[in-house]
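Chain order of the listed sequences is A and B. Under this note's numbering, the first residue of the first sequence carries the number 2, and numbering increases by one thereafter. Under this note's numbering, the first residue of the second sequence carries the number 2, and numbering increases by one thereafter.
There are 2 protein chains.
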Amino acid sequence: MANDLSAYFLTNHERHLNELSEWLSIPSISSLSAHKKDTVKGAEWIVRELKRIGMEKVEVYPTQGHPVVYAERLHAKEKPTVLVYGHYDVQPVDPLHLWESDPFKPAIRDNKIYARGATDDKGQTFMHLKVVEALLKEHGELPVNIKFLIEGEEEIGSINLPEFVEKNQELLFTDVIVISDTGMQEKGQPALCYGLRGLAGLQIDVKGAKGDLHSGQFGGAVQNALHALVHLLDSFRNEDGVIQVERFYDKVKDLEDEEKKVHDSLQFSDKELKKELEVNDLAGEKGFSTLERMWVRPTLEINGMWGGYQGEGLKTVLPNEAHAKITCRLVPDQDPDEIIRLLTAHIEAHTPAGVTVAVTVYDKGAPYVAPYDHPAIQAAGRSYEKIYDVPVQYIRRGGTIPIVAEFDQILKKPVVLMGFGLPGENFHAPNEHFHLENFDYGLRVITDYLQELPKALEKSNDLTQKL
Amino acid sequence: MANDLSAYFLTNHERHLNELSEWLSIPSISSLSAHKKDTVKGAEWIVRELKRIGMEKVEVYPTQGHPVVYAERLHAKEKPTVLVYGHYDVQPVDPLHLWESDPFKPAIRDNKIYARGATDDKGQTFMHLKVVEALLKEHGELPVNIKFLIEGEEEIGSINLPEFVEKNQELLFTDVIVISDTGMQEKGQPALCYGLRGLAGLQIDVKGAKGDLHSGQFGGAVQNALHALVHLLDSFRNEDGVIQVERFYDKVKDLEDEEKKVHDSLQFSDKELKKELEVNDLAGEKGFSTLERMWVRPTLEINGMWGGYQGEGLKTVLPNEAHAKITCRLVPDQDPDEIIRLLTAHIEAHTPAGVTVAVTVYDKGAPYVAPYDHPAIQAAGRSYEKIYDVPVQYIRRGGTIPIVAEFDQILKKPVVLMGFGLPGENFHAPNEHFHLENFDYGLRVITDYLQELPKALEKSNDLTQKL
């Protein structure tokens with residue numbers, strides 16, 4: 002492999018980690034307004050870095066929310082263009098006491114880097130910058146044209162990005178979109194993700210009497226907001242884990258036999274998962290395998306719930322307020338707006354007497370399934386196989402990258418989900434980390450892919466035009 | 002009314018309120034260990050005050066928890082003995098932001114004193130001390146023998162008091178027990194409470210996977226602790242508000258026709274209650290009137306519930322922990338220990354697969370119904386009528402004073418629930434307050450009662466002996 006930059010990456014390993022740690026130290030939590038300035042800092046850091054490595058037209062585009070960062074380098078004449086998408090925002094860190102080290106003081110333990118955003122998604126986005134830097138330093142120029150689009154609202158549903166993409170189709174014109182924000186199934190086993198679930202999220206606020214009441218004085222006579230909420234939330238799923246929201250499954254496509262075979266080939270082990278998560282039983286929709294429940298079936302999960310007295314001991318209060326946050330993961334061809342309408346109708350129909358309920362709509366994102374036989378995707382598979390030296394797996398993921406479906410609809414180009422995360426890396430949870438083994442392999446996979454892509458697309462010019 | 006001390010009480014009104022404010026300023030919250038020292042301060046304050054007004058043998062008895070304060074003055078030879086019970090501990094104050102003034106900086110607005118404990122129970126207990134002080138100052142001696150028993154654990158189920166009462170039966174020997182810790186139905190309408198509900202409370206802790214999980218990655222495959230809790234909590238009551246815990250109602254006595262007539266005579270208005278609480282509908286067990294649901298039917302209420310993400314916006318987490326606090330109000334002849342066993346069995350039977358549940362037992366208290374035709378109770382009714390100048394109502398209350406049933410069982414003497422609170426005074430809730438009008442009337446009612454009691458008991462000596 003003449004064009005392999007392994008030696009370069011090894012030499013620069015420590016510098017890379019120091020730079021990444023700097024970025025990971027910025028608490029750019031997009032959902033919390035108290036961190037508004039930090040998200041700007043997160044954007045500024047990546048802007049400085051993009052300029053430093055040799056990207057051009059590096060610009061910050063303000064939005065209604067957190068800014069979008071764009072950069073390009075278009076000197077590879079008659080070569081394909083690759084749009085790399087990533088995000089500089091991260092999830093909140095609570096419960097903080099469960100972190101073994103400060104989420105914003107990156108720590109390396111056992112060849113893993115621990116920090117909020119280590120794998121989702123600063124760590125994975127950062128690899129693409131390092132590959133560009135390496136190629137420019139070692140080869141003087143890039144083998145393809147590259148555009149970067151790095152946003153700050155992925156964790157809150159990419160609220161403003163679709164409008165930006167819609168308005169800037171020319172700026173973002175590309176042959177392929179590459180995103181590293183997913184993962185593989187197990188260590189040493191590379192995987193290319195060709196499908197993601199969508200998302201529809203909302204908050205439910207229940208209000209009863211004018212204030213909290215004494216549970217002895219009024220208990221039995223007045224609706225308790227917590228009981229009303231519990232009843233409402235329990236009405237969403239039945240004992241078999243089947244979602245009871247009317248027409249919820251109407252648009253869900255049946256799994257094709259071919260994909261079932263792919264699932265079978267993965268030899269997924271329920272036993273292993275139970276062991277990993279330390280549970281006695283798995284749960285979920287009856288009649289579907291665990292992989293199906295995680296990848297190709299829609300879900301409804303309560304993400305948070307609270308009300309009444311939460312302190313030490315008891316307080317004999319009859320609470321007048323109760324709150325819950327729920328999200329649904331969606332699969333083709335469910336439409337997030339329609340699902341929000343169905344959920345709202347269900348809530349209205351199941352609100353007990355004596356309380357009022359308000360619904361606030363949050364994140365939305367459509368599901369996405371890529372044509373995994375597309376040459377740009379197949380080329381990615383070959384790069385994985387070359388570097389990891391094992392056959393690549395084609396998988397779907399249960400998570401959501403809200404902008405993926407929008408890219409598909411607006412830019413009409415294939416999205417290559419070239420992820421390097423691992424299942425136990427605590428995405429969105431305490432002690433998020435990224436295996437440095439995959440950081441090292443990933444740099445080489447991306448390098449190889451950018452070099453091999455022109456050939457792959459040349460051969461299948463027709464197909465590319467069609468998509 | 003030669004023995005009326007109205008003039009004295011008027012002269013000393015301001016001093017009384019200043020003294021009460023001092024006591025109310027001590028945050029003696031018994032359920033929170035952070036306030037351990039404050040509960041001791043609450044006890045010390047009342048000890049100093051008991052000594053100052055002329056009580057004797059004033060002593061602090063340590064318990065496993067918060068101390069018990071005892072005092073006596075036994076110079077009324079051949080007169081009955083009255084044991085006054087009260088409590089110096091108070092409920093927690095959250096949600097703090099809903100208080101219009103600091104819960105521990107007593108404020109007088111619109112002839113009401115606002116503070117935690119104003120009505121429950123420092124304000125009401127304090128009246129008895131002021132009556133003793135007044136009688137001693139104005140008459141030189143008390144018309145009856147008086148004992149005070151003031152504890153610091155009423156709000157946490159009087160955990161240690163039964164043992165104290167059991168061990169100190171001689172010290173506490175009395176003819177009648179008087180407690181001012183209840184209320185009347187409406188302003189200007191005195192009421193004597195002859196029945197209280199009991200209490201059984203516990204906390205439920207649900208534990209799922211080893212940690213919080215990503216709701217996209219694992220959603221649909223693993224039991225969400227919040228869903229498990231919601232399912233468990235919703236299983237406690239059916240759509241008609243009937244508690245579904247097996248054998249829960251087995252020991253509940255039917256309401257006697259005579260008492261039904263008393264209820265009817267009270268002309269309770271659902272419409273008024275809805276207006277007062279600002280709700281469109283009342284709720285609760287089908288087939289029972291609102292008064293019945295509040296006074297003579299048992300309940301199961303969720304007092305608090307929490308788990309997962311409770312911050313701004315969404316966090317797409319699949320929480321591995323969920324918690325709830327519940328209490329049941331009990332009626333004769335339900336036994337708190339048995340109810341705890343039934344609840345625990347129900348929880349075990351309804352725990353969904355994939356989670357484990359732990360139960361922590363908190364407060365317990367038996368229900369109590371007094372013989373309201375007892376002369377000590379009838380005498381109290383006459384004192385109310387004399388001072389308020391309207392017929393007294395005989396009512397039951399939905400709340401619990403845990404020690405009342407124990408007094409009944411151990412001391413075998415009637416308990417006179419001579420309350421001066423009002424329904425809207427926010428017992429256990431933000432902006433607790435006490436109407437000073439009832440503070441003023443109350444002092445005179447108690448004064449009259451202590452003077453009239455010897456005659457009343459003399460006449461019905463047989464009956465007293467029998468009880």
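Backbone N, C-alpha and C define an ideal beta-carbon position, used for all residues, glycine too.
What would DSSP say about residue 324 of chain B, mapped onto helix, strand or coil? strand
Looking at chain B, is there any beta carbon in it that lies within less than 8 Å of the beta carbon of residue 108 of chain A? no
One question on the structure: do residue 438 of chain B and residue 384 of chain B come within less than 8 Å of each other, judged by their Cβ atoms? no
In chain order, what residues of the same chain lie with their CB nearer than 8 Å to the CB of residue 468 of chain B, ignoring the 5 residues before and after it? Residue placement at residue 468 of chain B cannot be trusted, given a pLDDT of 36 that sits under 50; what the coordinates show is reported in the next sentence. If we look at residue 468 of chain B and ignore the five residues flanking it on each side, its Cβ neighbours are 372, 375, 413, 414, 415.
Between the alpha carbons of residue 382 of chain A and residue 448 of chain A, how many angstroms are there, rounded? 13 Å
Which residues, taken in chain order from the region 214 to 233 of chain B, show a beta carbon closer than 7 Å to some beta carbon of chain A? 214, 215, 216, 217, 218, 219, 220, 221, 222, 223, 224, 225, 227, 228, 231, 232
Checking 8 Å against the spacing of the C-beta atoms, do residue 351 of chain B and residue 204 of chain B come in under that value? no
Over what stretch of residues does the beta strand (DSSP E) that includes residue 306 of chain B continue unbroken? 300 to 309
Have a look at A:31, A:136, A:300, A:172 and flag the residue whose alpha-carbon is nearest the alpha-carbon of residue 72 of chain A. A:172
Just checking my contact of residue 402 of chain B with residue 193 of chain B at CB under 8 Å: how many whole Å lie between their CB atoms? The pair is not a contact, with the Cβ atoms about 14 Å apart (cut-off 8 Å).
Positions along the region 54 to 88 of chain A whose CB lies within less than 8 Å of some CB in chain B: none
If contacts are defined as beta-carbon pairs under 8 Å, then residue 123 of chain A and residue 26 of chain A qualify, I think. What distance do you get, rounded to the angstrom? Going by Cβ atoms, the distance from residue 123 of chain A to residue 26 of chain A rounds to 10 Å, so no, they are not a contact pair.
Please tell me whether residue 127 of chain B and residue 51 of chain B are closer than 8 Å, where the distance is taken between their beta carbons. no
Going by C-alpha distance, which of A:426, A:330, A:317, A:331 is nearest residue 366 of chain B? A:317
Does the region 90 to 101 of chain B come within contact of the region 16 to 30 of chain B, defined as at least 3 CB pairs closer than 8 Å? yes
One question on the structure: do residue 159 of chain A and residue 445 of chain A come within less than 8 Å of each other, judged by their Cβ atoms? no
Report all residues from its chain with a CB closer than 6 Å to the CB of residue 135 of chain B; omit the five preceding and five following residues, and keep chain order. 6, 9
Consider the Cβ of residue 100 of chain B: report whether some Cβ of chain C lies at a distance smaller than 8 Å. The structure shown contains no chain C; its protein chains are A and B.
I believe residue 335 of chain B touches residue 184 of chain B by the beta-carbon criterion, under 8 Å. Please report the beta-carbon distance rounded to the nearest angstrom. The pair is not a contact, with the Cβ atoms about 23 Å apart (cut-off 8 Å).
Give the secondary structure of residue 112 of chain A by DSSP, where H, G and I count as helix, E and B as strand, and everything else as coil. coil
Length of the line joining the Cα atoms of residue 249 of chain A and residue 292 of chain A: 20 Å
Anything in the region 290 to 313 of chain A with a Cβ closer than 7 Å to a Cβ of chain B? List those residues in chain order, please. 291, 294, 295, 298, 300, 302, 303, 304, 305, 306, 307, 308, 309, 310, 311, 312, 313
Exposure label - residue 356 of chain A; buried when at least 16 CB within 10 Å: buried
Within 8 Å, strictly: CB atoms of residue 267 of chain B and residue 275 of chain B: no
Do residue 182 of chain B and residue 121 of chain B have their CB atoms nearer than 8 Å? yes
So, does the CB of residue 21 of chain B fall closer than 8 Å to a CB anywhere in chain A? no
Euclidean distance between Cα positions of residue 306 of chain A and residue 253 of chain B: 34 Å
Let me confirm a value: residue 242 of chain B is counted as buried when at least 16 other C-beta atoms fall within 10 Å, else exposed. Which label applies? buried
9 Å Cβ cut-off: residues of chain A touching residue 511 of chain B: Residue 511 of chain B lies beyond the residue range present for chain B, which begins at 2 and ends at 468; the question has no answer from this structure.
Separation of residue 211 of chain A from residue 472 of chain B, as counted between CA atoms: The structure shown does not extend to residue 472 of chain B, since chain B spans only 2 to 468, so no value can be given for it.
Figure out for me which residue from A:435, A:388, A:146, A:41 has the closest Cα to the Cα of residue 74 of chain A. A:146
Return the chain-ordered list of same chain residues with a C-beta closer than 6 Å to the C-beta of residue 94 of chain B, the five sequence neighbours on each side being excluded. 104, 117
Note down the Cα distance separating residue 397 of chain B from residue 218 of chain A, rounded to an integer number of angstroms. 10 Å
If we call anything under 8 Å between Cβ atoms a contact, is residue 298 of chain B one with residue 221 of chain A? yes
If you measure from the beta carbon of residue 369 of chain A to each beta carbon in chain B, is any gap under 8 Å? no
Below 7 Å on C-beta distance, what does residue 428 of chain A contact in chain B? 215, 218
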